[in-house]
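Chemist: In the numbering used here, the protein residues as written are 57 to 472. All C-beta atoms, glycine included, are put in the ideal place defined by N, C-alpha and C.
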Ligand code: LLP
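(1) Within 10 angstroms of its Cβ, does residue 114 collect 16 or more other Cβ (buried), or is it exposed?
(2) Is residue 331 near the ligand LLP - that is, is its Cβ less than 8 angstroms away from at least one heavy atom of it?
(3) Would residue 457 pass as an interface residue toward chain C - the criterion being a Cβ-Cβ separation below 9 angstroms?
(4) Taking only heavy atoms of the ligand LLP into account, decide whether any of them is closer than 8 angstroms to the Cβ of residue 181.
(5) Measuring CA to CA, which of 149, 251 and 407 is closest to residue 368?
(6) Under a three-way DSSP split, which group does residue 422 fall into?
(7) Anyone know if the C-beta pair for residue 344 and residue 86 falls short of 9 angstroms?
(8) Just the C-alpha distance for residue 171 and residue 141, rounded to the nearest angstrom, thanks.
(9) So, is residue 149 buried or exposed, given that buried needs 16 or more other C-beta atoms within 10 angstroms?
(10) May I ask you to list the residues that DSSP assigns as paired with residue 327?
(11) Hey, how far is the Cα of residue 57 from the Cα of residue 417?
(12) Counting only the same chain and skipping the five closest in sequence on each side, list residues whose C-beta sits under 8 angstroms from that of residue 144.
(13) Is it buried or exposed for residue 268, if we count other Cβ within 10 angstroms and need 16 for buried?
(14) In whole angstroms, what separates the C-alpha of residue 380 from that of residue 421?
(15) Between which two residues does the alpha helix (DSSP H) harbouring residue 142 extend?
(16) Roughly how many angstroms lie between the CA atoms of residue 89 and residue 102, to the nearest whole one?
(17) Please find out if some non-hydrogen atom of the ligand LLP comes closer than 8 angstroms to the beta-carbon of residue 301.
(18) Under the criterion of a Cβ to heavy atom distance below 8 angstroms, does residue 295 qualify as lining the ligand SAM?
(19) Buried or exposed: where does residue 252 fall if 16 or more other Cβ atoms within 10 Å of its Cβ makes it buried?
(20) Check for me: the alpha helix (DSSP H) holding residue 70 runs from which residue to which?
(21) Considering only residues of the same chain and omitting the five flanking positions on each side of residue 212, which have a CB-CB separation below 7 angstroms?
(22) Using only the heavy atoms of the ligand LLP, determine whether one of them is closer than 8 angstroms to the beta carbon of residue 261.
(23) If we count the other Cβ atoms within 10 Å of its Cβ and call it buried at 16 or more, is residue 400 buried or exposed?
(24) Leaving out five residues on either side along the sequence, give the residues of the same chain with a beta carbon under 6 angstroms from the beta carbon of residue 308.
(25) Compute every distance between the C-beta of residue 413 and the non-hydrogen atoms of the ligand LLP, then say whether any falls below 8 angstroms.
(26) Suppose contacts are defined by Cβ-Cβ distances below 9 angstroms. Is residue 209 in contact with residue 180 by that definition?
(27) Assign residue 304 to buried or exposed, taking buried as 16 or more other Cβ atoms, counted over all protein chains shown, within 10 Å of its Cβ.
(28) Please say whether residue 393 and residue 412 have beta carbons closer to each other than 9 angstroms?
(29) Mind checking which residues open and close the alpha helix (DSSP H) that includes residue 334?
(30) Specify whether the stretch 239-249 and the stretch 199-208 touch according to this definition: at least 3 beta carbon pairs, one from each stretch, less than 8 angstroms apart.
(31) Would you call the stretch 112-128 and the stretch 331-339 touching, i.e. three or more CB-CB distances under 8 angstroms?
(32) Give the DSSP bridge partners of residue 90, in chain order.
(33) Would you say the beta carbon of residue 118 is closer than 8 angstroms to some non-hydrogen atom of the ligand LLP?
(34) How far does the beta strand (DSSP E) with residue 202 in it extend, from its first residue to its last?
(35) On a CA-only basis, which of 290, 340 and 359 is nearest residue 346? Give me that one, please.
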């Protein structure tokens, strides 16, 4: 079970020691609100589970790239998993250590590769032969060396939503075991490349241990084979992907995950790298939203709120479930509603068939949106991206201001 961010004291909801209404009174809704304590607890708990082993937790920046959050993790020793030059620059802006960065992704641009080489990142997780050559040529041109790991696609079914499964043969990610061996052989001959590690990431929101165990074992077999042909591997990056409980799922907790990973990797001498995102931050964030209208229909009743699919894509994109809680007191009768936003699309919903007692102006919280919430938001319908607030004990701080109209049209121009 993950920690619950909202605490009910009397009839009022708190995050840490802050009354949630105080936040919504000070800053507009919609807004994302995070608990510093929950983020740190998640991170330190993860770290603690592996304390006897050489390891590095590289937070998946894409899950929540706010620089205040990256800074918080960096200050506690975290590394970062990035997928773009933009994410690299965020880590630098957050005072993260480039030597603790792993760079993943199937389509790394030359520009991004060069930037990463200049900052001497820990490793590139290479996903194809042309990418390996691109990295090598870039390093040569810059008169530097680049460290690489090959991302192996272990063909393991992570049993998650098809859009976020990445470790199956038919997915675009990584290379199969046979190709991985030939890539290592090629890499060994490239004079500006240093072989550093082996990598995999099989998918996200994984709720069973078996897919993790199967893929680590496959990688280990490969490491042993590579050793036999005189290619030595320093680290094994086992990716992210640990699921959290949104509804009734029963994902393994970090200690169960750690136990099985350690069982396989203890004594191998390999440093372990992790790329978790969701499990560190998912449950640490909520989206606050205010009810605009209650719209009762003959077929369905709707609660129209001021947040929409542009603020939180997960329900529209993956039919993802997020709990929705009414933080205001409402005397009205409980009814079944769809919670929808103001965007002109039927797919603009945040929750379906939720039984709530609710009325206009009530403050609602959409839970477990710390990961892939704000990071996937957009300006669709010319809606501003919202503010983000971090609660720390009895204080709260704005860590991102809501877009202004000027932000929204920044860079656009009229024809001359
Ligand atoms: N490493 C790599 C190479 C990844 O592609 C990802 C996520 C992670 C690590 C972190 O995975 P996590 O520990 O957060 O599961 N937008 C989707 C999730 C997409 C995940 C993409 N890759 C969602 O909202 O569920």
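Modeler: Reading from the atomic positions:
(1) Counting Cβ neighbours within 10 Å, residue 114 comes out buried, since at least 16 surround it.
(2) Yes - the ligand LLP has a heavy atom lying nearer than 8 angstroms to the Cβ of residue 331.
(3) Absence of chain C from the displayed structure is noted, only one protein chain being present.
(4) True, at least one ligand heavy atom lies under 8 angstroms from that Cβ.
(5) Of the candidates 149, 251 and 407, 407 places its Cα closest to the Cα of residue 368.
(6) For residue 422, the secondary structure class from DSSP, reduced to helix, strand or coil, is strand.
(7) In this structure, the beta-carbon distance from residue 344 to residue 86 falls below 9 angstroms.
(8) Pairing residue 171 with residue 141, the inter-Cα distance amounts to about 7 angstroms.
(9) Answer is exposed; the Cβ neighbour count stays below 16.
(10) Per DSSP, 291.
(11) A caution first: residue 57 carries a pLDDT of 40, below 50, which makes its placement in the model unreliable, though a value can still be read off. Looking at the two C-alpha atoms, the distance is approximately 32 angstroms.
(12) So the qualifying residues of the chain are 138, 154, 157, 159, 168, 171, 172, 175 and 177.
(13) By the 10 Å Cβ count, residue 268 comes out buried.
(14) Going from the Cα of residue 380 to the Cα of residue 421 covers about 6 angstroms.
(15) Where residue 142 is concerned, the enclosing alpha helix (DSSP H) starts and stops at 141-149.
(16) About 22 angstroms.
(17) Relative to the ligand LLP, residue 301 has its C-beta separated by 8 angstroms or more from all heavy atoms.
(18) No copy of the ligand SAM occurs in the structure displayed; its ligands are the ligand LLP alone.
(19) By the neighbour-count rule (16 or more Cβ atoms within 10 Å), residue 252 is buried.
(20) Not the alpha helix (DSSP H): residue 70 falls in the beta strand (DSSP E), residues 68-71.
(21) The residues are 223, 258, 267, 270 and 271.
(22) It does: the Cβ of residue 261 is within 8 angstroms (strictly closer) of some heavy atom of the ligand LLP.
(23) Exposed: under 16 other Cβ atoms inside 10 Å.
(24) Taken in chain order, the residues that qualify are 265.
(25) With a cutoff of 8 angstroms, residue 413 does not count as near the ligand LLP, since its C-beta is closer than that to no heavy atom of the ligand.
(26) No, Cβ-Cβ distance for residue 209 and residue 180 is not below 9 angstroms.
(27) The C-beta of residue 304 has fewer than 16 other C-beta atoms within 10 Å across all chains shown, which makes the residue exposed.
(28) The answer is yes: Cβ separation under 9 angstroms.
(29) First-last of the alpha helix (DSSP H) with residue 334: 334-337.
(30) As far as the Cβ criterion goes, the stretch 239-249 touches the stretch 199-208, which means the pair count is three or higher.
(31) Cβ pair count under 8 angstroms is three or more, so yes.
(32) Answer is 341 and 446.
(33) Distances between the C-beta of residue 118 and the heavy atoms of the ligand LLP include at least one below 8 angstroms.
(34) First-last of the beta strand (DSSP E) with residue 202: 202-207.
(35) Minimum Cα distance to residue 346 is reached at 359.
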